[in-house]
Amino acid sequence: MITNVPKTALPHARHSVKDLGRHAGRRVMLCVLAVALFAASGVGFAWHDLQSRINSVDVDDILGGDRPGGDVPDSYEGRAVNLLVLGTDSRSGANNVDNSEGTEEGAGARSDTAMIMHISADRKRIEVVSVPRDTLVDIPECTTLDGETTESSTDTQFNFAFSNGSNGGNETKDVASGAACTQRTVEQMTGIRIDDFVVVDFNGLSTMVDSLGGVKVYVDEPIDDPEYTGLVLDEGCHTMNGATALQYSRVRHGVGNGSDISRIPRQQNLVGAMMRTAQSKNLLTNADQLYTFSASALETLTTSERIGKLQTLMGLASSVQSVGMENISFITMPHQEAEWDPDRVEPTAEADAVWKALRADKPVAEASVTSQADGSVPSQEPTDGEQTESAEPTPEEPTAEESQDGSATPSEDASAAAAKAAAIQQCR
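Per UniProt numbering, the very first residue in the sequence shown carries number 1; after that it's consecutive.
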């Protein structure tokens with residue numbers, strides 16, 4: 001249901017969706033906002049019912065007046081829009097998917113996923129920058145909807161901004177306060193004025209996948225995690241229901257290096273599968289399916305007041321319907337290992353270039369970002385024409401017969417990559 005809190009009561013290298021197989025898909029919670037934007041435009045027949053499913057909260061007073069960009073008009077029309085999309089890892093109630101409610105791990109809620117979605121003023125492109133939760137940032141002093149003030153902190157893990165603002169609570173006002181504190185943190189870090197926020201919980205992801213009838217996902221490496229998420233999958237194409245999709249989006253053990261950043265590509269892969277499935281079902285032309293899907297999606301959201309109004313959602317949805325999938329671009333914020341903590345990361349100078357491009361409503365590609373797909377900064381190898389005098393000549397490619405150690409030759413690697421790309425394509 002809608003929860004409106006009246007003001008008087010209160011004291012980041014560029015990728016394209018079409019390259020999902022090669023570049024590993026898109027961040028999970030984007031799908032929730034995509035549903036709200038693209039599906040809501042066709043559901044006027046159930047307006048009041050759908051509106052009642054959204055939790056929207058007015059947080060203008062607690063955001064303060066020291067924000068970038070000055071005052072902005074109420075309407076999104078004719079200007080670029082910046083939305084903050086958050087996914088929370090609350091384990092309370094229906095979100096207790098791993099039976100951790102009541103434990104130290106399950107206490108409170110943190111922002112497990114954070115993305116800045118930039119919609120260009122001309123409505124010809126959408127760019128999404130994922131901010132790793134382990135990023136070290138300065139978190140400002142925040143005011144909660146209960147009227148309390150949190151302390152500021154420096155070199156603090158990014159997702160603590162949400163838990164600080166929410167004060168460990170899971171009620172709508174707590175989630176909204178956590179989102180507002182995260183919004184202030186993002187604005188301070190990037191200099192970008194965030195227009196609105198959207199928060200989705202664990203249960204929302206599972207419900208949405210089930211409302212689609214499941215999704216086909218290509219798992220590009222075996223997963224063996226019987227202890228934590230209970231997920232065990234071979235490499236290959238899998239049809240996932242909501243519960244399995246949720247496990248896949250969360251798994252860290254038994255695959256990769258166990259970090260949050262290593263699971264970003266899997267989460268991105270899942271959201272790509274969800275978007276393709278939604279498109280293949282032609283939801284906008286099937287009123288029954290559209291209503292079911294929209295109802296399940298909208299009910300999982302907590303939003304700032306403006307974007308929580310169905311009329312606003314529909315207007316924004318209408319304005320971006322002509323944006324092709326090839327013009328939706330994604331990056332992970334360029335980052336490097338933190339100097340004093342190898343388990344944390346910090347933004348690089350290239351991240352500043354990304355923020356500058358978004359502030360100017362310019363394509364991120366024009367920021368000359370050279371970070372890798374996961375946002376990490378590659379080592380500086382000599383480019384063509386820059387080879388040092390001490391460098392050895394480039395060896396000729398060995399033939400299969402010349403590979404004495406049994407390792408694959410470049411040609412064999414290319415063949416394997418082509419076969420995998422074909423398998424991924426067949427899984428769509």
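Don't be surprised by glycine CBs; every beta carbon is placed ideally from N, CA and C.
Below 6 angstroms CB to CB, which residues in the same chain sit around residue i once its five sequence neighbours on both sides are set aside?
i: Asn286; result: none
i: Gly308; result: Ile54, Ser56
i: Leu233; result: Val219, Ile223
i: Val364; result: Arg14, Glu127, Val354, Ala357
i: Thr143; result: Ile62, Thr149
i: Glu389; result: Only weak support is given to the placement of Glu389: the predicted model assigns it a pLDDT of 41, under 50, and the question is left unresolved by the model.
i: Asp98; result: Unreliable placement is indicated for Asp98, whose pLDDT of 46 sits below 50; no coordinate value is reported for it.
i: Ser415; result: none
Would you kindly check if the distance between the Cβ of residue j and the Cβ of residue i is under 9 angstroms?
i: Asn136; j: Ile62; result: In the sequence as displayed, the identity of residue 136 is Leu instead of Asn. Cβ atoms of Leu136 and Ile62: not closer than 9 angstroms.
i: Ala179; j: Phe158; result: no
i: Gly236; j: Val219; result: yes
i: Leu86; j: Thr182; result: yes
i: Val175; j: Asn55; result: yes
i: Arg276; j: Arg125; result: no
i: Val114; j: Ile139; result: The question names Val, yet the displayed sequence has Ala at residue 114. No, Cβ-Cβ distance for Ala114 and Ile139 is not below 9 angstroms.
i: Met117; j: Val131; result: no
i: Arg344; j: Asp122; result: no
i: Val200; j: Thr88; result: yes
i: Arg306; j: Asp195; result: yes
i: Ile192; j: Val320; result: no
i: Leu177; j: Ser166; result: Correcting the residue identity first, residue 177 is Ser in this sequence and not Leu. Yes.
i: Leu50; j: Leu301; result: no
i: Asp58; j: Ser304; result: yes
i: Ala273; j: Val323; result: no
i: Arg184; j: Gly64; result: yes
Skipping 5 residues on each side, what residues in its chain have a beta carbon closer than 7 angstroms to that of residue i?
i: Gln247; result: Thr229, Gly230, Leu231
i: Arg67; result: Glu187, Arg193
i: Glu346; result: Thr135, Leu136, His335, Gln336, Ala338
i: Glu141; result: Thr149, Thr150, Glu151, Ser152
i: Thr292; result: Ser211
i: Arg359; result: Gly191, Ile192
i: Pro395; result: Its pLDDT being 48, under 50, Pro395 is placed unreliably in this model, and the value from its coordinates should be taken loosely. Nothing listed; no residue qualifies.
Of the choices the options, whose alpha-carbon is the least far from that of residue i?
i: Glu221; options: Asn327, Arg252, Leu205; result: Arg252
i: Met189; options: Trp355, Ala414, Pro410; result: Trp355
i: Ala338; options: Thr156, Ile119, Ala80, Ala414; result: Thr156
i: Gly78; options: Asp361, Ala414, Gln426; result: Asp361
i: Val255; options: Met240, Glu227, Thr312, Lys281; result: Glu227
i: Asn257; options: Glu326, Val215, Pro342; result: Pro342
i: Ser280; options: Asp288, Asp260, Val215; result: Val215
What residues in its chain sit with their C-beta under 8 angstroms from that of residue i, if we drop five residues either side in the sequence?
i: Pro393; result: Confidence at Pro393 is low in this model, with a pLDDT of 45, below 50, so its placement is unreliable and no value can be given for it.
i: Ala351; result: His12, Met333, Pro334, His335
i: Ser249; result: Val28, Leu205, Arg263, Arg266, Gln267, Leu270
i: Leu316; result: Leu37, Tyr76, Val81, Ile119, Ile307
i: Glu148; result: Asn167
i: Thr244; result: Leu231, His238
i: Gln426; result: Cys237
Q. Is it a yes or a no for the region 197-213 touching the region 292-310, going by three-plus beta-carbon pairs under 8 angstroms?
A. yes
Q) Along the chain, which unbroken stretches of the alpha helix (DSSP H) at least 4 residues long are found entirely within the region 154-178? A) 160-166
Q. Which runs of the beta strand (DSSP E) fall wholly inside the region 258-313 and span at least 3 residues, in chain order?
A. 301-304
Q | Ranges of the beta strand (DSSP E) found wholly within the region 173-209, counting only runs of at least 3 | A | 196-200
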